[in-house]
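Written below as C-alpha cells is the structure these notes are about.
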C-alpha cells in the first residue's frame, strides 16, 4: 500500500505539536545541573520538571550523562503525550519560550532587537535549590513578600543570601556545630509540622557556596537553605519596638522576682539557671523560652534576640593575674552543661534536662 501525504490541515497539527514539544524541552533544559560522583566515578546531569520533579541521567562522562537524561526526558514527555494530557505547567513553560521567540521575530527595528537581546543576555543566570521544609516557612515568606510589595521568589532569594552570609560570618569565630544548632533552633520555632517542597532560585556563586558548605558539614543544600531562610526571617520579624519591650521586661526582673519567675516557669528554686538565661549566658530551650514568653507577654522571638544581644554585648570580666589564662566562653553555655554544673540530684537534673527535649 502506497503512503500518502496528509493534507495541510492535518500536517499543521503535527507541526504545532512538534513545535510545542521543542519549546517545552528548551524551557526544561535551560538550566541543568551537573555533578560528579567521586565514589562511583559517574557524572550526573539533572533538570527539574514541573509536576514530575527531578529527572537525572548518569554516565561515565558529561556527554553520556546528558544523553541518558535526553532519553529519560523523551520517555517522560512521551508518556504524558500518549495519555493525551500535559500538565498545565508544561503548556505555560512552552508558551514562555514562544513569547521570547516572538519578541525577537517581531522586533520592529534593529534597535528594538538589540534591546530585547540585551535584556535576555544580561540577565544573570540562576540556579535552583530544591527546599523541603515546614509549610509555615513558605507561608511566612509569602506574607513578608506581600507586606514589602515584592514577589515571594525575590524575598526568598534575599533571605537565603542574608541568612547564609551570616552563617559564614559566625562560623569564622564559632564552631560550625554550634552555629548549625542556633540556626536549627530558629527553624524549629516555626509553627506546625506539615511540610512542603518548593524551588528557590539564587545566583550561581551562592548556589555553589551553599552546596559545598552543606556537603562539608554532612548536611543537604535543602536543610541548610531552610535554616538560613528561617534564621534571616526571624531577625526580620522582630521589630525594634518588640525588642525594646523584651529588654525592658528582662531588666526589670531582679532579686526576688528571679526566684519567683523561676518557680513559675518550671525551674523550681534554681534561680541561678534562670539568671544565666536572662543574661544570655545560657541557651534557653524552646520550652523555657515559650514559658517566659507566656509569663512576660513578650514574643518568644523578641526574647531570643534580646538574650542574643545581651550575650554579644556583655563585657569580659576582669581577672587577677594568676597562672594560666582565664577561660571565656565565646558563645552561650548549652542548657545541658548549665544544668549539670548545678550538681543537683539525679531526679532534679533529669527533670530539667527534659525541658530541652
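Residue numbers (our numbering): 135 to 491. Heads up, the beta-carbon is just placed ideally off N, CA and C, and yes, glycines get one too. From a predicted model like this one, the values you see are computed outputs, not experimental measurements.
Alpha-carbon to alpha-carbon, residue j and residue i
i           : j           : result
residue 208 : residue 146 : 22 Å
residue 224 : residue 259 : 21 Å
residue 159 : residue 363 : 31 Å
residue 446 : residue 287 : 32 Å
residue 233 : residue 154 : For residue 233, the predicted structure reports a pLDDT of 44, less than 50, and the residue's modelled location is therefore unreliable. The matter cannot be settled from this model.
residue 469 : residue 295 : 30 Å
residue 361 : residue 151 : 43 Å
residue 261 : residue 387 : 49 Å
residue 277 : residue 285 : 10 Å
residue 246 : residue 157 : For residue 246, the predicted model reports a pLDDT of 49, less than 50, meaning its position is unreliable; a value from the coordinates is still stated below. Rounded to the nearest angstrom, the two C-alpha atoms are 23 Å apart.
residue 441 : residue 334 : 31 Å
residue 313 : residue 301 : 7 Å
residue 220 : residue 206 : 16 Å
residue 274 : residue 149 : 45 Å
residue 391 : residue 434 : 20 Å
residue 487 : residue 213 : 55 Å
residue 482 : residue 370 : 38 Å
residue 398 : residue 423 : 13 Å
Classification of residue i by the beta-carbon crowding that lies within 10 angstroms, buried from 16 upward
i           : result
residue 168 : exposed
residue 416 : buried
residue 430 : buried
residue 380 : buried
residue 188 : exposed
residue 419 : buried
residue 320 : buried
residue 479 : exposed
residue 473 : buried
residue 226 : exposed
residue 366 : buried
residue 228 : buried
Supposed close pair residue i, residue j - CB separation, criterion 8 Å
i           : j           : result
residue 264 : residue 356 : 6 Å
residue 384 : residue 412 : 5 Å
residue 324 : residue 407 : The Cβ separation is near 26 Å, so there is no contact.
residue 210 : residue 175 : Rounded, the Cβ-Cβ distance is 27 Å, inconsistent with contact.
residue 204 : residue 177 : Contact doesn't hold; Cβ gap of about 14 Å is too wide.
residue 315 : residue 351 : Going by Cβ atoms, the distance from residue 315 to residue 351 rounds to 12 Å, so no, they are not a contact pair.
residue 421 : residue 489 : 5 Å
residue 358 : residue 347 : 7 Å
residue 400 : residue 425 : 6 Å
residue 402 : residue 396 : 7 Å
Which residues DSSP lists as bridging residue i, in chain order
i           : result
residue 394 : Answer is none; residue 394 lacks a bridge partner.
residue 180 : 167 and 190
residue 278 : BP columns for residue 278 are empty, so no partner.
residue 332 : 265
residue 467 : 416
Discussion item. Tell me whether the region 189-204 and the region 325-344 touch, counting them as touching only if at least three CB pairs, one residue from each stretch, are closer than 8 Å.
Written reply: No: the two stretches stay apart, fewer than three of their Cβ pairs being nearer than 8 Å.
Worksheet item: Is the region 324-334 close to the region 266-284, with three or more CB pairs under 8 Å?
Response: In short, these stretches touch, since the Cβ pair count reaches three.
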